[in-house]
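If you're matching positions, the sequence shown starts at 5 in our numbering and goes up one per residue. Each residue gets a CB set at the ideal place from its N, CA and C atoms; glycine is no exception.
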Amino acid sequence: MRSLIDILDFTTAELDELIATANDIIENPAKYSEKCKGKKLATLFFEPSTRTRLSFEAAMLELGGSVLGFSEANSSSAAKGESVADTAKTISCYADIIAMRHPKEGAPLVAAQNASIPVINAGDGGHNHPTQTLADLLTINREKGGFNNLTVGFCGDLKFGRTVHSLITALSRYEGINVVLISPDELKLPSYVKKDILEKNNIPYKQTTDLESVIPELDILYMTRVQRERFFNEEDYLRLKDSYVLEPKKLKNAKKDLCIMHPLPRVNEISVAVDDDPRACYFKQVLNGKFIRMALILKLLEEAKR
Ligand code: CP
């Protein structure tokens, strides 16, 4: 049974195919409005979410299907001690496809190993968030026309930011990618991502704490929030939370066609005054997230038939 747990589960050809389908959905929504008639998506969210859960639900509804699920662990039998494996076996009796978010790294993989229906990782701890990466790739493709020869700056919490880990992994398969890592020392990209992804794929990268000095080089600036929920103590969070605040004046030396991205939610790291800048792409990412999740649901349900 085909699932999506890690962005590398899909080849670059499959990612291209998903992007093409999402673009076709954007152009011809009516063509897709009954594609999932009679099918059910279960959203199993053991951690809070606005965009991922509701975009999955909107995606399935716009494909003519139905949705069921829960939005917090306490309203499921996990609160009584049920395992992820048993939950996955149970939901396989009720639904055709699962989207799961869980605070424990690897929980969606365990679900996929025990379910008899496709499982989509909707974010596991500080590890991966492959469907946010699909939304990011669709956005980059639509804004930049492709993925090659881009200098991409990742700024903020690169340690716990699972969207950063997944997007770096995805971009490492394209030609001419340069990565600039901008973070406080305490929130640097984990060494396993540097070694296993960037160095293994010979992707040039540099690390800095100074956002303004590197802004002029960037084609894409991917801002992230400091992930309060992953800190062991509040003091460290409070000290680091406002390390970077993107304001209009900091963009004065940026490229005219810079693409400013953020997986959202935003806390304080992008001033709302930046929202009116034509280079702000983060709400486009939100909308693209729904279309690419429609394409993903279609692909996995189609493969499950075989
Ligand atoms: N980007 C993202 O995962 O947002 P949510 O936490 O609101 O789902």
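If you follow the beta strand (DSSP E) that residue 47 is in, where does it begin and where does it stop? 44 to 49
Tell me the DSSP secondary structure of residue 103 in three-state form. strand
Per DSSP, which residues does residue 211 bridge with? Please list them. 185
Rounded to whole angstroms, what is the Cα-Cα separation between residue 91 and residue 281? 45 Å
Cβ of residue 125 within 8 Å of Cβ of residue 8? yes
Alpha carbon to alpha carbon, what distance is there between residue 295 and residue 364? Given a span of 5 to 310 for the chain in the structure shown, any question on residue 364 remains unanswerable.
List the endpoints of the continuous beta strand (DSSP E) containing residue 224. 224 to 227
Residue 301: which of 50, 55, 49, 101 sits nearest, CA to CA? 101
Just to confirm, is the Cβ distance from residue 122 to residue 51 under 8 Å? no
My output table needs one value for residue 5: the three-state DSSP class, helix, strand or coil. coil
Which runs of the alpha helix (DSSP H) fall wholly inside the region 73 to 154 and span at least 4 residues, in chain order? 88 to 95, 111 to 118, 134 to 148
Beta bridge counterpart(s) of residue 250 as assigned by DSSP: 274
For the beta strand (DSSP E) that contains residue 172, what are its first and last residues? Segment 166 to 175 is the alpha helix (DSSP H) holding residue 172; no beta strand (DSSP E) there.
Whole-Å CB distance - residue 23 paired with residue 170, under 8 Å assumed: Residue 23 to residue 170, Cβ: 16 Å. No contact.
Just to confirm my understanding: we take residue 267, look at its own chain, exclude 5 residues before and 5 after, and list those with CB closer than 6 Å. What are they? 136, 167
To the nearest angstrom, how far is the alpha carbon of residue 195 from that of residue 204? 12 Å
Using the C-alpha atoms, what's the distance from residue 117 back to residue 46? 17 Å
Within its chain, find whatever has a CB closer than 6 Å to the CB of residue 187; leave out the 5 residues flanking it on each side and keep chain order. 162
C-beta atoms of residue 298 and residue 86 nearer than 8 Å: no
If you follow the alpha helix (DSSP H) that residue 201 is in, where does it begin and where does it stop? From DSSP, residue 201 is part of no alpha helix (DSSP H); its letter is neither H nor E.
Validate contact between the region 152 to 161 and the region 175 to 189 using beta carbons, cut 8 Å, 3 pairs: yes
Integer-rounded CB distance, given that residue 184 should sit under 8 Å from residue 143: Actually they do not touch by this definition, with Cβ atoms about 19 Å apart.
Do residue 164 and residue 231 come within 8 Å of each other at the CB atom, strictly closer than that value? yes
For the ligand CP, is there any heavy atom lying closer than 7 Å to the beta carbon of residue 73? no
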